[in-house]
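**Q** After the structure tokens below, expect a handful of questions from me.
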Amino acid sequence: MNEIRKAVFPAAGLGTRFLPATKAQPKEMLPLVDKPLIQYAVEEAACAGLQNLIIVTGRGKNAIEDHFDVSFELERILEERGKGDLLKLVRAVSEMVRIAYVRQKEALGLGHAILVARDLIGDEPFAVLLGDDVIEAETPCIRQMIDVHKRYKVSVVAIMEVPREDVPRYGIIKGHGLPGNGGRLFEVEDMVEKPAVEQAPSNLAIIGRYILTPAIFNALEETGIGSGGEIQLTDGLRRLLRRERVLAYRFAGKRYDAGEKLGFLQATVEFALKNEELGSAFREYLKSLKL
Numbered sequence: 063m064n065e066i067r068k069a070v071f072p073a074a075g076l077g078t079r080f081l082p083a084t085k086a087q088p089k090e091m092l093p094l095v096d097k098p099l100i101q102y103a104v105e106e107a108a109c110a111g112l113q114n115l116i117i118v119t120g121r122g123k124n125a126i127e128d129h130f131d132v133s134f135e136l137e138r139i140l141e142e143r144g145k146g147d148l149l150k151l152v153r154a155v156s157e158m159v160r161i162a163y164v165r166q167k168e169a170l171g172l173g174h175a176i177l178v179a180r181d182l183i184g185d186e187p188f189a190v191l192l193g194d195d196v197i198e199a200e201t202p203c204i205r206q207m208i209d210v211h212k213r214y215k216v217s218v219v220a221i222m223e224v225p226r227e228d229v230p231r232y233g234i235i236k237g238h239g240l241p242g243n244g245g246r247l248f249e250v251e252d253m254v255e256k257p258a259v260e261q262a263p264s265n266l267a268i269i270g271r272y273i274l275t276p277a278i279f280n281a282l283e284e285t286g287i288g289s290g291g292e293i294q295l296t297d298g299l300r301r302l303l304r305r306e307r308v309l310a311y312r313f314a315g316k317r318y319d320a321g322e323k324l325g326f327l328q329a330t331v332e333f334a335l336k337n338e339e340l341g342s343a344f345r346e347y348l349k350s351l352k353l
């Protein structure tokens with residue numbers, strides 16, 4: 063089966079970059095203007111036609127399940143008070159997609175989170191979306207990647223160019239461009255997790271969108287524990303490269319790194335400015351600041 067039907071959302075991380083805000087609430091539930099972070103990724107998947115979603119959670123992540131569940135009491139109160147617009151918003155969240163949940167009992171890395179979802183994925187290709195990366199695009203980023211997979215039937219990682227001084231923060235690919243495709247598609251020859259600037263093979267960084275074939279599961283199992291005491295997805299992809307092609311796709315769109323404080327603040331400002339209800343007043347407020 064080559065049709066992409068399922069998407070995995072790893073959401074069991076500890077969110078240490080946002081402590082103490084994440085001590086008692088999941089990082090994925092931090093509000094970006096008026097929606098929690100994870101909802102942007104879920105909406106992207108839904109807009110791309112993915113309806114079977116798997117969220118990998120952990121201890122203290124019940125708020126994620128509650129957010130996408132039906133809230134009968136809240137809906138009843140809103141209905142009784144005649145707040146139809148708010149009722150519509152609340153119901154839209156729970157009616158958006160079908161979601162299954164699986165627990166990652168230990169925070170053993172992104173690769174391990176994907177392994178935890180294996181039984182729910184089965185023997186078919188699937189998408190992975192990291193909620194930390196919020197991507198604005200006319201065509202959803204994951205939809206662009208699904209279209210690449212549909213043509214080539216291989217795993218696809220999303221990439222973007224980053225300044226050379228930022229390469230130690232990312233997994234970096236070594237590869238060559240494929241003809242056509244608007245210069246966006248690359249044949250991956252190797253990838254390195256967080257290399258030093260002088261050792262980086264390029265400035266093409268892997269970001270949080272993937273299309274993976276089911277062969278990734280065996281590759282991750284064989285990889286085992288890597289740096290940081292975790293099963294690294296990049297290590298699993300390197301092993302997968304020995305068996306089958308992996309392509310890298312430079313997506314069309316703008317990515318916000320909402321997994322760190324500055325990127326989260328930048329995304330908040332830009333999304334607030336684009337908000338129909340808040341944008342105009344917020345723009346005037348920013349102009350009034352004595353900076």
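Here the sequence shown stands for residues 63 to 353, where the numbers follow the numbering used here. Cβ coordinates follow ideal geometry from the N, Cα and C atoms, glycine included. These figures come from a predicted structure and were not determined experimentally.
1) List the endpoints of the continuous beta strand (DSSP E) containing D195.
2) Which of the three DSSP states, helix, strand or coil, is assigned to I269?
3) Counting C-beta neighbours from all protein chains within 10 Å, is the total for R271 16 or more, i.e. buried, or is it exposed?
4) Take G341 and list the residues in its own chain whose beta-carbon comes closer than 6 Å to its own, dropping the five residues that flank it on each side.
5) Are the CB atoms of A329 and V224 within a distance shorter than 8 Å?
6) Please report the residue range of the alpha helix (DSSP H) in which Y214 lies.
7) Within the continuous alpha helix (DSSP H) that includes K323, where are the two ends?
8) Using only alpha-carbon positions, find the residue among V95, A320 and P72 that is nearest to E339.
9) When you compare the stretch 227-236 with the stretch 264-282, are there three or more beta-carbon pairs, one atom per stretch, that lie closer than 8 Å?
10) Which residue wins for smallest C-alpha separation from E186, given the options V308, L348, K215 and D128?
11) Return the residue from the list K349, R312 and R79 that minimises the CA-CA distance to D194.
12) Do the stretch 303-318 and the stretch 242-261 touch if we need at least three Cβ pairs shorter than 8 Å?
13) With DSSP as the reference, label F248 as helix, strand or coil.
14) What distance in whole Å lies between the Cβ atoms of R312 and I208, which are believed to be in contact at a cut-off of 8 Å?
15) Express the C-alpha separation of A314 and E198 in angstroms, rounding to a whole number.
16) Quick one: measure Cβ to Cβ for Y114 and R160, integer angstroms, because I've assumed they're closer than 8 Å.
**A** Let me lay it out:
1) D195 to E198
2) strand
3) buried
4) L335
5) no
6) C203 to Y214
7) K323 to K336
8) V95
9) yes
10) K215
11) R79
12) yes
13) strand
14) The Cβ separation is near 16 Å, so there is no contact.
15) 9 Å
16) Reading off the sequence, residue 114 comes out as Asn, not Tyr. Confirmed, Cβ separation roughly 6 Å.
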